[in-house]
Amino acid sequence: MKIDTKLVQGAKEHESETGAISTPIYQSATFRHKALHESTGYDYSREKNPTRGNLEKTIALIENGTAGFAFTTGMAAVSAIFDLFSAGDHFIVCEDLYGGSYRFFEEICRKRGLEFSYADTRKIENIIQAFKKNTRALYIETPTNPMMRVSDIAEIAKLAKSKNLLTIVDNTFLTPYFQRPLELGADIVVESGTKFHFSF
Ligand SMILES: Cc1ncc(COP(=O)(O)O)c(C=O)c1O
107 MKIDTKLVQG AKEHESETGA ISTPIYQSAT FRHKALHEST GYDYSREKNP
157 TRGNLEKTIA LIENGTAGFA FTTGMAAVSA IFDLFSAGDH FIVCEDLYGG
207 SYRFFEEICR KRGLEFSYAD TRKIENIIQA FKKNTRALYI ETPTNPMMRV
257 SDIAEIAKLA KSKNLLTIVD NTFLTPYFQR PLELGADIVV ESGTKFHFSF
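So for the sequence shown, my numbering puts the first residue at 107; every next one is plus one.
Structure (structure tokens):
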């Protein structure tokens, strides 16, 4: 399937028994079990909800990833990524960066013991210079907000893999329609869904 078809058809696995063409919006917080220990797979919407599940499968499909996770905001998604790490872990981050992400790293993550170095990731030498023994991941925005700086995802991911580090890409500005970081070797891609606008 080409991306245009993926965007229109989505994952389409959660069509209801009614045959609804568009994915129904399930507003229920809780789901009935047929009997004790006979869950349909849906218990409580915070854990799993068919509408959100369809969105997550569609995101994974268009990004060419193995799994997708939907959050209420882009920053909630960024925050969830950094919950994967532990105090003492170090990250190399592009120096031009969305202000909300910078504040999150400096004002919240640092208090939790995570360490950050900022580098102009347009040049691979700057990344190499920033490596530390406790570096766990490279976090890049490309293009960046606000300066629209572009880094080479494939080159950076290759370097990261050679050092057993994760590459995390904020793909908000190009969206998976124009750039699919996982296909270029990145491990995690994140984006805010409220930014990109086409004008014809
Ligand atoms: C590059 C980038 N990443 C993340 C975010 C955060 O997204 P949200 O506002 O949906 O939390 C923004 C918001 O402007 C952004 O520009």
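In this text, a Cβ means the ideal position worked out from N, Cα and C, and glycines have one as well.
Which residues mark the beginning and the end of the alpha helix (DSSP H) in which SER307 is found?
Nothing can be reported for residue 307: it is not among the residues displayed for the chain, which extend from 107 to 306.
Any idea which residues DSSP pairs GLU247 with across the strands?
ASP276
Rounded to a whole number of angstroms, what is the C-alpha to C-alpha distance between LYS301 and ASN160?
21 Å
Where do the N-terminal and C-terminal ends of the beta strand (DSSP E) with LYS114 fall, by residue?
A small fix is needed here, since residue 114 is Val in this sequence, not Lys. Run containing VAL114: none in the beta strand (DSSP E); it sits in the alpha helix (DSSP H), 109-115.
According to DSSP, simplified to helix, strand and coil, what is TYR283?
helix
GLU153 to ALA263, Cα distance in whole Å?
So the two alpha carbons sit approximately 32 Å from each other.
Starting from the C-beta of ALA260, find all residues in its chain whose C-beta is less than 6 Å away, skip the five residues before and the five after it, and write them out in chain order.
LEU290 and GLY291
For ARG138, does the count of other Cβ atoms within 10 angstroms reach 16, so buried, or fall short, so exposed?
exposed
Going along the chain, which residues of its own chain have a beta-carbon closer than 7 Å to the beta-carbon of ILE187, five neighbours each way excluded?
ILE274, ILE294 and VAL296
Nearest to ASP226 by alpha carbon, out of LEU220, THR179, SER128 and ALA236?
ALA236
Within the region 164-208, note down every full beta strand (DSSP E) run reaching 3 residues or more, in order along the chain.
196-200
When you compare only the Cα positions, how much space is there between GLY116 and THR136?
Between the alpha carbons of GLY116 and THR136 lies a distance of about 25 Å.
Please indicate yes or no: does the CB of VAL295 lie closer than 7 Å to some heavy atom of ligand 1?
no
With distances taken between CB atoms, is the gap from PHE250 to GLY180 smaller than 8 Å?
Sequence inspection shows Thr at residue 250; the Phe mentioned does not correspond to that position. With a cutoff of 8 Å on beta-carbon distance, THR250 and GLY180 are scored as not near each other.
Please state whether DSSP places SER268 in a helix, a strand or coil.
helix
Is TYR245 closer than 8 Å to PHE210 when the C-beta atoms are compared?
Going by C-beta atoms, PHE210 is not nearer than 8 Å to TYR245.
Simplified DSSP assignment, three categories, for GLU221:
strand
Which two residues bound the contiguous beta strand (DSSP E) that contains ILE234?
ILE234 -> not in any beta strand (DSSP E); alpha helix (DSSP H) instead, spanning 230-236.
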